[in-house]
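Our numbering numbers the first residue of the sequence shown as 7 and each following residue consecutively. Data first, discussion second: the structure below is written as structure tokens.
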Amino acid sequence: MKKRFAFLLITVLAVGIMAADPQKFIDPQNMDLSVKPGDNFYQYANGNWLRQNAIPASKTSWGSFNELREKSLDAMKSLLEDASKTTTKGRLYQMVGDYYASGMDSLTIEKRGIEPIKSDLARIDKVNNKAAFFDELAYQRTQGNGMLFGFFVAQDRKNVSKYLPQLSQGGTTLPDRDYYLKNDARSVKIRDAYREHLTKMLALIGEEPTQASQDADVVIRMETELAKAQMPRVDLRDPYKTYNKFTAASFSQQTPGINWADQLEKYGAKAQDTVLVQSPAFFRSLDSLVTATPVEDLRTYMRWNLLKGAAPYLSNAFVKQNFAFSKILTGQKEQTPRWQRISSLIDGSLGDLLGQLYVQQYFKPEAKQRMLTLVDNLEASYKEHIKNLDWMSEDTKKKALTKLLSFKRKIGYPDKWKNYEGVSIARDDFYGNVKSASKWQYNYMINRLGKPVDRTEWGMTPPTVNAYYNPVNNEIAFPAAILQFPFFDFEADDAINYGGIGAVIGHEMTHGFDDSGRQYDADGTLRDWWTKADADNFKKRADQVKEQFFGFKVLDSIKVNGQLTLGENLADLGGLAIAYDAFKKTPQGKSSGKKSLIDGFTPDQRFFLSWAQVWRINVLPETQAQLILVDPHAPGMYRCNGPLSNINAWYQAFNIQPGDKMYKKPEDRIKVW
Numbered sequence: 007m008k009k010r011f012a013f014l015l016i017t018v019l020a021v022g023i024m025a026a027d028p029q030k031f032i033d034p035q036n037m038d039l040s041v042k043p044g045d046n047f048y049q050y051a052n053g054n055w056l057r058q059n060a061i062p063a064s065k066t067s068w069g070s071f072n073e074l075r076e077k078s079l080d081a082m083k084s085l086l087e088d089a090s091k092t093t094t095k096g097r098l099y100q101m102v103g104d105y106y107a108s109g110m111d112s113l114t115i116e117k118r119g120i121e122p123i124k125s126d127l128a129r130i131d132k133v134n135n136k137a138a139f140f141d142e143l144a145y146q147r148t149q150g151n152g153m154l155f156g157f158f159v160a161q162d163r164k165n166v167s168k169y170l171p172q173l174s175q176g177g178t179t180l181p182d183r184d185y186y187l188k189n190d191a192r193s194v195k196i197r198d199a200y201r202e203h204l205t206k207m208l209a210l211i212g213e214e215p216t217q218a219s220q221d222a223d224v225v226i227r228m229e230t231e232l233a234k235a236q237m238p239r240v241d242l243r244d245p246y247k248t249y250n251k252f253t254a255a256s257f258s259q260q261t262p263g264i265n266w267a268d269q270l271e272k273y274g275a276k277a278q279d280t281v282l283v284q285s286p287a288f289f290r291s292l293d294s295l296v297t298a299t300p301v302e303d304l305r306t307y308m309r310w311n312l313l314k315g316a317a318p319y320l321s322n323a324f325v326k327q328n329f330a331f332s333k334i335l336t337g338q339k340e341q342t343p344r345w346q347r348i349s350s351l352i353d354g355s356l357g358d359l360l361g362q363l364y365v366q367q368y369f370k371p372e373a374k375q376r377m378l379t380l381v382d383n384l385e386a387s388y389k390e391h392i393k394n395l396d397w398m399s400e401d402t403k404k405k406a407l408t409k410l411l412s413f414k415r416k417i418g419y420p421d422k423w424k425n426y427e428g429v430s431i432a433r434d435d436f437y438g439n440v441k442s443a444s445k446w447q448y449n450y451m452i453n454r455l456g457k458p459v460d461r462t463e464w465g466m467t468p469p470t471v472n473a474y475y476n477p478v479n480n481e482i483a484f485p486a487a488i489l490q491f492p493f494f495d496f497e498a499d500d501a502i503n504y505g506g507i508g509a510v511i512g513h514e515m516t517h518g519f520d521d522s523g524r525q526y527d528a529d530g531t532l533r534d535w536w537t538k539a540d541a542d543n544f545k546k547r548a549d550q551v552k553e554q555f556f557g558f559k560v561l562d563s564i565k566v567n568g569q570l571t572l573g574e575n576l577a578d579l580g581g582l583a584i585a586y587d588a589f590k591k592t593p594q595g596k597s598s599g600k601k602s603l604i605d606g607f608t609p610d611q612r613f614f615l616s617w618a619q620v621w622r623i624n625v626l627p628e629t630q631a632q633l634i635l636v637d638p639h640a641p642g643m644y645r646c647n648g649p650l651s652n653i654n655a656w657y658q659a660f661n662i663q664p665g666d667k668m669y670k671k672p673e674d675r676i677k678v679w
């Protein structure tokens with residue numbers, strides 16, 4: 007199911023290990039005091055930590071988010087191991103416990119080899135014409151094996167009280183269309199490695215070497231054509247470009263080889279005459295590609311997609327080959343431990359069951375109340391900012407305030423839990439468990455059609471170290487696992503909590519007013535509520551942020567994509583500014599003098615140091631090169647330094663002067679919200 011959430015961080019970041027003493031909230035030993043704060047504040051705040059915390063061989067990155075993710079995984083492991091050993095605690099424990107046991111039973115998985123997917127491979131081998139291809143495509147989709155393009159059920163952005171079937175571009179394996187289309191050395195190397203990977207994987211299901219090589223070429227040819235048809239990621243951020251509503255009959259006229267009324271019926275979307283299409287041009291190209299492609303090649307493409315989806319859950323030969331290719335893409339040196347992979351899988355597929363156990367064991371109820379107070383304070387600060395804007399008219403300000411005060415708040419965990427009725431979990435059938443959970447997720451999604459929109463549903467599970475803003479519900483959500491140090495700690499002073507979780511709250515609020523989120527109104531409807539002059543004033547400031555980040559480089563030569571990262575950069579800038587002003591209303595924020603110092607730092611200095619340590623992270627070069635293409639977030643150093651260079655209070659707190667590398671003249675400092 008596709009989500010349109012604005013996240014705090016991308017979820018591909020790998021796990022790490024908690025290193026800092028949580029009681030020393032700002033530890034000078036983590037800092038590099040030889041660096042001037044005004045030259046590179048990120049290095050000043052984190053330099054020694056970055057040098058002393060190498061990326062483990064089984065990870066692709068190592069930072070504050072990773073530390074908490076590791077802590078969350080350890081917690082899940084404890085819960086799952088306990089559940090797998092008990093036989094008396096009821097269905098919830100049986101479901102997650104048996105699922106975990108089945109995933110950890112590598113001997114049984116090894117014995118079965120490719121047996122779990124033989125019946126699906128046999129089905130695909132019977133496809134002998136284009137109609138049969140689309141029938142099998144529909145069947146596989148209802149089993150949780152979506153191929154060729156995306157299909158999901160979600161709210162209609164212009165009528166948010168209604169769910170609609172929606173179609174999105176897809177069909178490729180590599181992380182971005184550019185991997186297929188660019189001819190630089192790195193892209194060519196990855197394509198060559200991908201071809202080798204395809205050949206070896208197809209050989210594992212019994213294809214002769216020559217046939218496997220030919221079939222690899224077929225897959226790459228088809229995926230390259232699909233990549234050419236895909237919209238670039240920057241365009242996908244535009245909610246109007248991707249909003250194209252059709253009747254099934256009228257959209258079928260654009261794709262003569264595909265009857266969408268028939269397809270929707272087979273997907274289970276019965277009595278649905280309307281469909282939202284992300285990119286009509288992609289589907290026109292897809293239709294032409296399928297029409298021109300021989301049936302035997304379509305079978306090859308379908309076999310690969312079935313195998314690709316199943317490989318992580320099959321015997322070791324498949325898992326090892328998957329990782330061999332992943333090493334080239336990401337630079338990761340060792341496979342993630344099996345227990346972490348299985349824990350993450352269960353969190354993703356039965357998250358509301360595992361989440362109940364997590365909350366019972368690890369979430370303090372008082373944290374929810376403390377967070378609600380922080381949200382109230384951030385909302386009050388944001389309200390003041392909007393009222394005091396010098397570039398927005400009073401009419402638009404009123405609507406902005408209405409939207410702000412309409413934010414729905416989700417803290418910690420859902421008010422009601424999914425029960426996964428119908429999911430069958432067997433202790434000795436790992437792949438069967440994966441399929442059962444996937445099929446349930448698909449049916450849960452499709453059964454929304456015709457029902458009232460459930461605004462209580464969460465887009466993340468409680469053990470997730472992240473946060474999000476969902477524009478169609480105009481809601482901000484903070485799962486339980488993020489409510490820990492370095493973001494939040496009951497024992498920490500306000501400077502730490504406001505520089506950490508306070509800025510995160512402000513970040514998610516600002517997503518409601520970033521370049522995409524601002525186009526949704528107070529009830530989540532995609533509707534223009536701005537005057538033209540106000541919209542132009544916003545775009546002028548947003549363009550300044552975009553250009554600032556286009557000026558940043560990683561790996562000496564690769565530029566940050568200021569357009570792709572614009573929403574997150576606006577959220578970081580707004581979140582930090584709002585959080586700082588909220589902090590200044592606390593007793594600590596108002597204090598001054600020697601008595602206000604902690605570990606030699608003033609309250610303001612601690613606020614900004616707290617902000618900086620949230621973003622500390624080491625990333626493998628291969629992974630960083632990939633993230634620049636696919637991640638709407640800037641690298642950690644620029645998420646830290648970019649917003650700071652626009653905050654007047656930071657200059658005052660650390661005596662930043664002309665000549666310092668991060669110094670910007672007051673008139674050049676960007677203020678949006």
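Think of the CB as a built atom: it goes at the ideal place given N, C-alpha and C, for glycine as much as any other residue.
Item: CA nearest to the CA of VAL478, picked from TYR106, PRO664, LYS276, THR462; Value: THR462
Item: Coil, strand or helix - LEU360 by DSSP; Value: helix
Item: Rounded C-alpha distance that separates ILE211 from LEU143; Value: 20 Å
Item: Option in TYR475, GLN630, SER442 with minimal Cα separation from TYR426; Value: SER442
Item: Length of the line joining the Cα atoms of LYS206 and LYS405; Value: 57 Å
Item: Any non-hydrogen atom of the ligand HEM within 7 Å of ALA528 CB; Value: Ligands in the displayed structure: none, and consequently the ligand HEM is not present.
Item: Simplified DSSP state of SER174, which is helix, strand or coil; Value: strand
Item: For TYR246, three-class secondary structure by DSSP; Value: coil
Item: DSSP beta-bridge partners of LEU282; Value: GLN172, LYS251
Item: Residue interval of the alpha helix (DSSP H) (run including TYR145); Value: 136-148
Item: Alpha helix (DSSP H) segments (min. 4 residues) lying fully within the region 165-246; Value: 184-187, 191-210, 215-235, 239-242
Item: Residue from LEU74, LEU98, TRP679, ASN624 whose Cα sits closest to the Cα of LEU395; Value: TRP679
Item: Limits of the alpha helix (DSSP H) - the one that ARG97 falls within; Value: 97-110
Item: Bounding residues of the alpha helix (DSSP H) (the contiguous stretch that carries SER616); Value: 609-620
Item: Test item: CB-CB of ASP306 and VAL225 under 8 Å; Value: It should be pointed out that residue 306 corresponds to Thr in this sequence rather than to Asp. Yes, Cβ-Cβ distance for THR306 and VAL225 is below 8 Å.
Item: PHE660, buried or exposed, once every other Cβ within 10 Å from all chains shown has been counted against 16; Value: buried
Item: Whole-number beta carbon distance between GLY518 and ASN480, since they are thought to touch under 8 Å; Value: 7 Å
Item: Cut-off 7 Å between Cβ atoms - residues of its own chain near LEU351, not counting five sequence neighbours on either side; Value: GLY109
Item: ILE392 to GLN611 span [Cα, whole Å]; Value: 26 Å
Item: Residue burial classification, VAL566 (beta-carbon count within 10 angstroms, cutoff 16); Value: buried
Item: 6 Å CB neighbourhood of LEU360 in its chain, flanking five on each side removed; Value: VAL102, ILE352, ASP353
Item: ASP534 versus ARG75: straight-line alpha-carbon distance, rounded; Value: 38 Å
Item: Whole-number beta carbon distance between PHE288 and GLN172, since they are thought to touch under 8 Å; Value: Not confirmed; about 13 Å, so no contact.
Item: Residue range of the unbroken alpha helix (DSSP H) whose run includes GLN632; Value: 627-636
Item: Exposure of GLN366, with buried meaning 16 or more beta-carbon neighbours within 10 Å; Value: exposed
Item: Length of the line joining the Cα atoms of ILE32 and PRO485; Value: 24 Å
Item: GLN338, DSSP secondary structure in three states; Value: coil
Item: Classification of ALA191 by the beta-carbon crowding that lies within 10 angstroms, buried from 16 upward; Value: exposed
Item: Cβ neighbours of GLY91 in the same chain (closer than 6 Å, five flanking residues each side left out); Value: It should be pointed out that residue 91 corresponds to Lys in this sequence rather than to Gly. If we look at LYS91 and ignore the five residues flanking it on each side, it has no Cβ neighbours.
Item: Short Cβ contact (8 Å threshold) for PRO469 with MET82; Value: yes
Item: Buried or exposed by the 16-neighbour rule on C-beta atoms within 10 Å, applied to PHE589; Value: buried
Item: Simplified DSSP assignment, three categories, for LYS591; Value: coil
Item: Inter-residue Cα distance where the pair is PRO28 and ILE334; Value: Because PRO28 carries a pLDDT of 41, less than 50, the predicted location of this residue cannot be relied on, and the following value inherits that uncertainty. Approximately 35 Å, taken between the alpha carbons.
Item: LEU633 to PHE555 span [Cα, whole Å]; Value: 15 Å
Item: Euclidean distance between Cα positions of LYS457 and GLY274; Value: 14 Å
Item: Same chain, Cβ closer than 7 Å to PRO245, five either side skipped, listed in chain order; Value: ARG163, SER522, GLN525, LEU532
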